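Numbering follows this note's numbering, in which position 50 of the sequence shown is assigned residue number 58; successive positions increment by one, without gaps.
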Amino acid sequence: MAKSQNKPQVGSIRPRLSTCRDIAIIMGLAVWGLYAGSGFLIPLTLALLVYVLIIAVADRVAGPFVPVWLANLIGIAVVLTGLFAVMFVLGNQATQFARAVPTYETQFDSAVNRVVTLVGNDVTKFVRDHLVDIDMSTVARSAFGGATSFLNTFLLISLYVFFMMSERMIFRDKLRLAANDVKLGRELSSMMEAISHSLQAYVGVKTFVSVLTSLISYSVFRWLGLEYAETWAVLTFALNFIPSIGSIVAVVFPAMVSLVQFDTITPFLIIVLFCGTVQFMIGNFLDPALLGRSLNMSTFMVIIALTFWSAVWGVIGAFLSVPLTVCILIVFSHIPALRPVAILMSKDGELLTADPKRPE
9 MAKSQNKPQV GSIRPRLSTC RDIAIIMGLA VWGLYAGSGF LIPLTLALLV YVLIIAVADR
69 VAGPFVPVWL ANLIGIAVVL TGLFAVMFVL GNQATQFARA VPTYETQFDS AVNRVVTLVG
129 NDVTKFVRDH LVDIDMSTVA RSAFGGATSF LNTFLLISLY VFFMMSERMI FRDKLRLAAN
189 DVKLGRELSS MMEAISHSLQ AYVGVKTFVS VLTSLISYSV FRWLGLEYAE TWAVLTFALN
249 FIPSIGSIVA VVFPAMVSLV QFDTITPFLI IVLFCGTVQF MIGNFLDPAL LGRSLNMSTF
309 MVIIALTFWS AVWGVIGAFL SVPLTVCILI VFSHIPALRP VAILMSKDGE LLTADPKRPE
């Protein structure tokens, strides 16, 4: 009997209390470090994503007739010009929108009345209690404050990207030398290649899909005569990088403005039905078809990542939630002790191979 009691049970998991304590302390310090160092880490992370996007553009431009240095310059010019244009539109029209906020506040009550006539009297009290008292100036500051602050850090991000590009060719050699082990160097190089490939696929596809969605939405806004159509189109482009809720918010903002601007509810219905359908079709069919298995992450994990990074880094964290979590998943997949966690984070339990460019 004594032997049978001392025999270890197969498949039982009994982590030691000290191990759980150490893991909890490390995770707590990591979250605190992310929150406390957000002022430094957010621009650096944005610069890394911009760098990845520049590399993706440069690799596609480079060829027999285009040398590498010229392809890099083209990539830098295209990406940074696009980012500056986005920030310029948001920053330029933010002031105009803030000045028009008092006008919107006076028209908001009548807009609510028009909505109430559609949904019935049962929700009249709820709508009035929760919508009429909204401070539109606060909404405007919240919506455009992030754009203005990001415009102020654009120069810092550009400097980061410049120095990253200057060390692109020698970084792999430095990584192998720092590893001081041939096998470890190959593993680190493979991990960096997988991260770069996945981020290039994600950022490239999301940029294309977001541009397509924003162009379609912009044509609708201009056809309706919606005020600040350029701003709502740029916000549609940016919000599409936020998983799940981003596309919903991209439709809600211009739809609410149409209620305030127009005397009829027809523009509101056109924006909600047409733009909402476009967001649904592109987000559920075109986006997954283009990404394929390059973003092999669980849908539930996407929601968890969105919640976590939004709580730590705010709105910018929501934009960066998927790329950051993809990086974590790839790093975990290359560490044997953390590989089971990467499998749980993945969509189908199968992790990408060490060579991300190998055909599946």
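A virtual CB, placed ideally from N, CA and C, is assigned to each residue, including glycine. On a predicted model such as this, the values are computed, not experimentally measured, just so you know.
Beta-carbon proximity check, residue i vs residue j, cutoff 8 Å
{"i": "Ala241", "j": "Ser255", "result": "no"}
{"i": "Thr161", "j": "Pro51", "result": "yes"}
{"i": "Met173", "j": "Ile82", "result": "no"}
{"i": "Val219", "j": "Phe245", "result": "yes"}
{"i": "Val228", "j": "Ile290", "result": "no"}
{"i": "Arg184", "j": "Ser197", "result": "yes"}
{"i": "Phe249", "j": "Phe327", "result": "yes"}
{"i": "Leu299", "j": "Ser252", "result": "no"}
{"i": "Ala55", "j": "Tyr168", "result": "yes"}
{"i": "Val257", "j": "Leu267", "result": "no"}
{"i": "Tyr43", "j": "Val260", "result": "no"}
{"i": "Val87", "j": "Val58", "result": "yes"}
{"i": "Val217", "j": "Leu294", "result": "yes"}
{"i": "Asn80", "j": "Ala93", "result": "no"}
{"i": "Val265", "j": "Ile224", "result": "no"}
Own chain partners of residue i with C-beta closer than 7 Å, once the 5 adjacent residues on each side are dropped
{"i": "Val60", "result": "Ser204, Leu207, Gln208 and Val211"}
{"i": "Met305", "result": "Thr333, Val334, Leu337, Met353, Ser354 and Lys355"}
{"i": "Val349", "result": "Phe340"}
Below-8 Å beta-carbon distance, residue i vs any chain B residue
{"i": "Thr333", "result": "No chain B appears in the structure shown, which is made up of a single protein chain."}
Exposure of residue i, with buried meaning 16 or more beta-carbon neighbours within 10 Å
{"i": "Thr53", "result": "buried"}
{"i": "Asn292", "result": "exposed"}
{"i": "Pro262", "result": "buried"}
{"i": "Gly233", "result": "exposed"}
{"i": "Cys283", "result": "buried"}
{"i": "Pro275", "result": "buried"}
{"i": "Leu243", "result": "buried"}
{"i": "Gly45", "result": "exposed"}
{"i": "Val310", "result": "buried"}
{"i": "Ala202", "result": "buried"}
{"i": "Ile324", "result": "buried"}
{"i": "Val140", "result": "Any reading at Val140 is ruled out, since the residue's pLDDT is 47, under 50, leaving its predicted position unreliable."}
For residue i: DSSP bridge partner residues
{"i": "Met305", "result": "Ser354"}
Secondary structure of residue i, DSSP reduced to three states
{"i": "Gly71", "result": "strand"}
{"i": "Ile336", "result": "helix"}
{"i": "Thr161", "result": "coil"}
{"i": "Leu234", "result": "coil"}
{"i": "His205", "result": "helix"}
{"i": "Val315", "result": "Here residue 315 is Thr; the residue named in the question, Val, does not match the sequence. Correct three-state label for Thr315: helix."}
{"i": "Ile343", "result": "coil"}
{"i": "Pro275", "result": "helix"}
{"i": "Val349", "result": "helix"}
{"i": "Pro251", "result": "coil"}
{"i": "Asp189", "result": "coil"}
{"i": "Glu175", "result": "coil"}
{"i": "Arg24", "result": "coil"}
{"i": "Gly45", "result": "coil"}
{"i": "Ala170", "result": "Correcting the residue type first, residue 170 is Phe in the shown sequence and not Ala. Of the three classes helix, strand and coil, the one that applies to Phe170 here is helix, per DSSP."}
{"i": "Phe270", "result": "coil"}
Contacting residues, own chain, Cβ-Cβ under 6 Å from residue i (five flanking each side not counted)
{"i": "Glu238", "result": "Val97"}
{"i": "Met199", "result": "His342"}
{"i": "Ile84", "result": "Ile62"}
{"i": "Ser329", "result": "Ala313, Leu314 and Trp317"}
{"i": "Leu346", "result": "Phe340"}
Check: residue i C-beta below 7 Å from any heavy atom of the ligand SAM
{"i": "Ser227", "result": "Annotation note on the ligand SAM: not contained in the displayed structure, which lists no ligands."}
Cβ shell of residue i (< 8 Å), same chain only, five flanking positions each side left out
{"i": "Arg230", "result": "Ala237"}
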